[in-house]
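Asker: Right, I'll just put the structure down here and ask away after.
In the working numbering, the protein residues as written are 863 to 993.
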């Protein structure tokens, strides 16, 4: 007879994708550790546009509400050639639970995910390099 053991997962990188992966595993009671070779979270921020599927994943991870309270919601995107408006995409007509794009600073999303990880009992191990 084979023993069934829960896997232990090491996530390398504490950016938004690594933190989300670790949080998803933790919420499924899968033991996880997360490491990053930086000494702290990013000190700068990139603009981060979250499309409807990503917003749905953040909803499943339990951070959608707080993320959206800080994000800029984009319902329409217009395309211009010089001053002439050529086209528009109306995102609110998408067949989705979240028919819009949410724009948030990457460092703020990382902070929200790290807070959710802490609540799930998962610490980000900064200054740790996978070799």
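All C-beta atoms, glycine included, are put in the ideal place defined by N, C-alpha and C.
1) If distances are taken between C-alpha atoms only, which option among 983, 946 and 992 comes closest to residue 890?
2) Using a 10 Å radius around the Cβ and a threshold of 16 neighbouring Cβ atoms, would you call residue 912 buried or exposed?
3) Between 945, 936 and 943, which lies nearest to residue 951 when the distance is taken from Cα to Cα?
4) With a CB to CB cut of under 6 Å and the five nearest residues on each side skipped, what residues in its chain are close to residue 920?
5) Counting pairs of beta carbons, one from the stretch 962 to 981 and one from the stretch 942 to 950, are three or more of them closer than 8 Å?
6) Determine the contact status of residue 876 and residue 896, defining contact as a CB-CB distance below 9 Å.
7) What are the start and end residues of each continuous beta strand (DSSP E) run of 3 or more residues lying completely inside the stretch 956 to 993, in chain order?
8) Find out if the Cβ-Cβ distance for the pair residue 885, residue 967 is shorter than 9 Å.
9) So, using beta-carbon positions, are residue 898 and residue 989 closer together than 9 Å?
10) Among all the DSSP beta bridges, which residues are the ones paired with residue 943?
11) Could you give the first and the last residue of the continuous beta strand (DSSP E) run that contains residue 835?
Answerer: Answer, in terms of the structure:
1) Along the chain shown, read from residue 1 onward, the residue named residue 890 stands at position 28. Looking at 983, 946 and 992, the one whose alpha-carbon comes closest to that of residue 890 is 983.
2) Taking the chain shown and counting its residues from 1, the one referred to as residue 912 is at position 50. Label assigned to residue 912: buried.
3) Counted from its first residue, the chain shown places residue 951 at position 89. The shortest C-alpha separation from residue 951 is found at 936.
4) Here residue 920 refers to the residue found at position 58 of the chain shown. Cβ neighbours of residue 920 beyond the five flanking positions: 926 and 929.
5) Verdict: no, contact absent.
6) Sequence index remark: in the chain shown, residue 876 carries index 14 (1-based). Sequence index remark: in the chain shown, residue 896 carries index 34 (1-based). Yes; because the gap between Cβ atoms is below 9 Å, this pair is in contact.
7) 963 to 967 and 986 to 988, all fully within the stretch 956 to 993.
8) Position 23 of the chain shown, counting from 1, holds the residue named residue 885. Position 105 of the chain shown, counting from 1, holds the residue named residue 967. Contact: no.
9) Against the chain shown, residue 898 aligns to sequence position 36. Against the chain shown, residue 989 aligns to sequence position 127. Result yes, Cβ atoms of residue 898 and residue 989 sit closer than 9 Å.
10) For this step, residue 943 is matched to residue 81 along the chain shown. Paired residues: 946.
11) The first residue shown for the chain is 863 and the last is 993, placing residue 835 beyond what the model contains.
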